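My numbering puts the first residue of the sequence shown at 3, with every later residue one more than the last. Where a beta carbon is used, it is the ideal one built from N, C-alpha and C, also for glycine. Only a predicted model underlies this, so the values are computations on that prediction, with no experimental measurement involved. What follows is a short report on a single structure.
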Amino acid sequence: MEDLTDEFKYMATSLFIAFKALLMNETPVACILVNKSTGKIISIGYNYTNASLNGTKHAEFIAVKRLMENDHQINFQDIIMYVTVEPCIMCASFLRQLGINQVIYGCSNDRFGGNGTVLSIHNDKKLIGNTYKSIGGIMRTEAIQLLRNFYIQENESAPVPKVKKNKDIENKLYPPNIFNVNELEFTDYYGLIRKEEIYNQSDKEITPIIGHGYKVSNLVNLQYLKDIPYLEQDMGVVDDEQVNEFFDLFYDIDDNGQVQFSSKIRTYNSKKRHLNDDE
Ligand SMILES: [Zn+2]
Numbered sequence: 003m004e005d006l007t008d009e010f011k012y013m014a015t016s017l018f019i020a021f022k023a024l025l026m027n028e029t030p031v032a033c034i035l036v037n038k039s040t041g042k043i044i045s046i047g048y049n050y051t052n053a054s055l056n057g058t059k060h061a062e063f064i065a066v067k068r069l070m071e072n073d074h075q076i077n078f079q080d081i082i083m084y085v086t087v088e089p090c091i092m093c094a095s096f097l098r099q100l101g102i103n104q105v106i107y108g109c110s111n112d113r114f115g116g117n118g119t120v121l122s123i124h125n126d127k128k129l130i131g132n133t134y135k136s137i138g139g140i141m142r143t144e145a146i147q148l149l150r151n152f153y154i155q156e157n158e159s160a161p162v163p164k165v166k167k168n169k170d171i172e173n174k175l176y177p178p179n180i181f182n183v184n185e186l187e188f189t190d191y192y193g194l195i196r197k198e199e200i201y202n203q204s205d206k207e208i209t210p211i212i213g214h215g216y217k218v219s220n221l222v223n224l225q226y227l228k229d230i231p232y233l234e235q236d237m238g239v240v241d242d243e244q245v246n247e248f249f250d251l252f253y254d255i256d257d258n259g260q261v262q263f264s265s266k267i268r269t270y271n272s273k274k275r276h277l278n279d280d281e
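Structure below.
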């Protein structure tokens, strides 16, 4: 695909849901399920392990469970998942058993990734059942940035606040891009031009349009986010202030696919329940 604008809109949607989870003191990981033929968002899920005290309540499980409760005749071959972080081994196995069509994820999951980083549950031929396609890289820096905001919170609730360290977390470069696919699979999804420009060059980010940068506020707006099914009923009202706070958390990406670390961002402070200006 040359123009990935729709893919980015879907991922920005998942990122906003993850931001809402962050506001609820959950690890900011979220996903949406999209019907492949209609393009409609049919379910959402977010990490819900803290409030539920249940370590298996991952975003993927919640989104699928919701869908199954509402519809008993689901063909998972019609469904694509957009999830901010690579599914863990448990979720990757679950999605494979369901027969999901495809998973698009933001950043890789270095410790538990089941779609290529630690294990390749999605396409391991030795396992029974259908394989599924999976690829990473869409808005992966934003996915990492949300997680970093969560870890800043963790540090703040520690007995000895590591203020200096927080600064490091904010300004730290992102790890190299990992797509967890071969050249052919990369080209199939991202197109030949990106294959030549990005596949072997890990410091360059994917952008919606080749040769053009983006900012998250280009992708979604208040009305679009208010219309996400189940979001407001599950996670509370979405308002202008909150949406702007969300936009302020991320660096812009320039026309060369470089993260603009010089652009001003803010960080989320759980204790004070507001955003801090980046100093
Ligand atoms: Zn999981």
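Could you check if residue i belongs to the surroundings of ligand 1, using beta carbon to heavy atom distance under 8 angstroms?
i, result
"PHE114", "yes"
"GLU62", "yes"
"MET83", "no"
"MET237", "no"
"CYS109", "no"
"PRO30", "no"
"MET13", "no"
"MET26", "no"
"MET3", "no"
"PRO89", "yes"
"MET92", "yes"
If you draw a straight line from the alpha carbon of residue i to that of residue j, how long is it in whole angstroms?
i, j, result
"TYR84", "ASN37", "11 angstroms"
"LYS206", "GLY259", "5 angstroms"
"ILE43", "GLU198", "32 angstroms"
"ILE267", "ALA23", "20 angstroms"
"GLU185", "GLN203", "13 angstroms"
"ASP236", "TYR270", "21 angstroms"
"TYR201", "ILE137", "12 angstroms"
"SER54", "GLU247", "26 angstroms"
Who are the Cβ neighbours of residue i in its own chain at under 7 angstroms, not counting the five residues just before and after it?
i, result
"LYS11", "LEU221 and VAL222"
"GLY215", "THR209, ASP254, ILE255, ASP256 and ASP257"
"ALA193", "Here residue 193 turns out to be Gly, not Ala, going by the sequence shown. MET3 and GLU4, listed in sequence order."
"VAL261", "THR143, TYR176, GLU207, TYR253 and ILE255"
"ILE91", "PHE114, GLY116, VAL120, LEU121 and ILE123"
"ASP112", "THR119"
Under 9 angstroms between the Cβ atoms of residue i and residue j?
i, j, result
"GLY108", "TYR134", "no"
"GLU88", "SER122", "no"
"GLN147", "PHE252", "yes"
"THR86", "MET26", "no"
"ASN103", "GLN79", "yes"
"TYR191", "ARG142", "no"
"LEU224", "VAL240", "yes"
"LYS67", "GLY47", "yes"
"PHE249", "LYS228", "no"
Take residue i and list the residues in its own chain whose beta-carbon comes closer than 8 angstroms to its own, dropping the five residues that flank it on each side.
i, result
"ASN132", "ARG98 and GLY101"
"ASN56", "TYR50"
"ASP8", "GLY41"
Taking CB distances under 9 angstroms as the criterion, tell me whether residue i reaches chain B.
i, result
"PRO178", "Considering every chain present, this structure includes no chain B. It has just one protein chain."
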